[in-house]
Amino acid sequence: MRLLLARHARTASNVAALLDTAPPGPELDLVGRAQAVALAERLAGQRVEAVYSSDLVRAVQTGAPAVRTFAVPHRELPELREIGAGEDEMSPDLQRYVTALRSWGEGDHRVRIPGGEDGIEFLERFGAGVRGIAEAGHETVLVISHGAAIRTWSGFVMPRVHVELGARGLPNTTVIVADGDPDAGWTLRGIDFPAADPEDGFAVIR
1317 MRLLLARHAR TASNVAALLD TAPPGPELDL VGRAQAVALA ERLAGQRVEA VYSSDLVRAV
1377 QTGAPAVRTF AVPHRELPEL REIGAGEDEM SPDLQRYVTA LRSWGEGDHR VRIPGGEDGI
1437 EFLERFGAGV RGIAEAGHET VLVISHGAAI RTWSGFVMPR VHVELGARGL PNTTVIVADG
1497 DPDAGWTLRG IDFPAADPED GFAVIR
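The opening position of the sequence shown corresponds to residue 1317 in my numbering, with each subsequent residue numbered one higher.
This is the structure:
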């Protein structure tokens, strides 16, 4: 299966750098709505058979243009939600959240976000969502999720993601392209950054 794993488009909370992770979450702002349309256009060469997203509003709205473009079904999965900020929900202080995520990236998945998940719980949750998608039998799917969730899960199943991204973030509507399945494993094929990103373009992974 080809997995097109995309971060949702922009929201006002992204602009304000707030830890806005709880459901239902904010809607896309005007820039975000344009980004969602552009995402569908960027993927026009892919044979997308279905769109999956978390059930948070911004992810659902990001997937809508692709659903129309490809005329495919859209299913919402709570397993694909963002990693919850716990006690720091809606805070501009990212320190505890980022510290926990960094620990997970270094292999210590027992660290818990205060009031939230630990890394083991998150990986089991997100992995269950991806497994369900794989079991549906599609050849190519678009999956709309969230920045921390995508980077953490993809970096766990494909360590090269960390190498390719380095210290940079995951801009809105960036797409991580992977082939494989939950049992055989995943191979990173590329990272497609939105054209408005300073380091735009499709980075092909050999």
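Yeah, the Cβ is synthetic: ideal placement off N, Cα and C, and Gly gets one too.
Strand pairing of residue i, partner residues [DSSP]
| i | result |
| --- | --- |
| His-1390 | Val-1367 |
| Ser-1419 | Ser-1419 pairs with nothing; no bridge assigned. |
| Phe-1322 | The question names Phe, but residue 1322 is Ala in the sequence shown. According to DSSP, Ala-1322 bridges with Ile-1460, Val-1491. |
| Leu-1344 | Thr-1327 |
| Asp-1434 | Arg-1428 |
DSSP-derived helix/strand/coil call for residue i
| i | result |
| --- | --- |
| Ala-1494 | strand |
| Arg-1428 | strand |
| Leu-1504 | strand |
| Asp-1404 | helix |
| Ala-1333 | coil |
| Gln-1351 | helix |
| Leu-1481 | helix |
| Arg-1397 | coil |
| Pro-1381 | helix |
| Gly-1453 | coil |
| Gly-1448 | helix |
| Leu-1359 | coil |
| Leu-1486 | coil |
| Ala-1338 | coil |
Other residues of its chain near residue i: CB distance less than 8 Å, five sequence neighbours each side excluded
| i | result |
| --- | --- |
| Ala-1380 | Ala-1352, His-1390 |
| Ala-1328 | Pro-1342, Asp-1345 |
| Gly-1485 | Gly-1463 |
| Ala-1452 | Ala-1366 |
Residue from the options with nearest C-alpha to residue i
| i | options | result |
| --- | --- | --- |
| Pro-1342 | His-1462, Leu-1486, Gly-1501 | His-1462 |
| Leu-1396 | Val-1331, Glu-1405, Ala-1375 | Ala-1375 |
| Arg-1318 | Gly-1448, Ile-1429, Leu-1458, Gly-1421 | Leu-1458 |
| Ile-1436 | Thr-1468, Thr-1415, Val-1388, Pro-1408 | Thr-1468 |
| Pro-1423 | Glu-1433, Gly-1471, Asp-1409 | The question names Pro, but residue 1423 is Gly in the sequence shown. Out of Glu-1433, Gly-1471, Asp-1409, Gly-1471 has the C-alpha closest to the C-alpha of Gly-1423. |
| Ile-1507 | Gly-1501, Asp-1499, Met-1474 | Met-1474 |
| Thr-1456 | Val-1331, Ala-1333, Tyr-1368 | Tyr-1368 |
| Arg-1412 | Gly-1501, Asp-1434, Ile-1429, Ile-1399 | Ile-1429 |
| Ala-1494 | Gly-1482, Pro-1510, Ala-1483, Ala-1450 | Ala-1450 |
| Asn-1330 | Leu-1410, Glu-1403, Val-1477, Arg-1358 | Leu-1410 |
| Leu-1372 | Gly-1361, Pro-1339, Gln-1362 | Pro-1339 |
| Leu-1481 | Gly-1448, Phe-1509, Glu-1392 | Phe-1509 |
| Gln-1362 | Val-1479, Gly-1431, His-1454 | His-1454 |
| Pro-1408 | Asp-1434, Ala-1332, His-1478, Val-1479 | Ala-1332 |
Cβ-based neighbour list, residue i, same chain, cut-off 6 Å, excluding 5 preceding and 5 following
| i | result |
| --- | --- |
| Ala-1325 | Leu-1344, Gly-1348, Gln-1351, Ala-1352, Thr-1378, Asn-1488, Thr-1489 |
| Ala-1356 | Pro-1381, Ala-1382, Thr-1385 |
| Thr-1503 | Asp-1495, Gly-1496 |
Cβ shell of residue i (< 7 Å), same chain only, five flanking positions each side left out
| i | result |
| --- | --- |
| Ile-1466 | Leu-1321, Arg-1323, Leu-1486, Ile-1492 |
| Arg-1505 | Val-1493, Ala-1494, Asp-1495, Ile-1521 |
| Leu-1439 | His-1425, Trp-1469, Phe-1472 |
Under 8 Å between C-beta atoms of residue i and residue j
| i | j | result |
| --- | --- | --- |
| Val-1364 | Val-1388 | yes |
| Glu-1403 | Thr-1337 | no |
| Val-1446 | Pro-1498 | yes |
| Met-1406 | Leu-1334 | yes |
| Ala-1444 | Val-1427 | no |
| Gly-1421 | Ala-1401 | no |
| Ser-1370 | Glu-1392 | yes |
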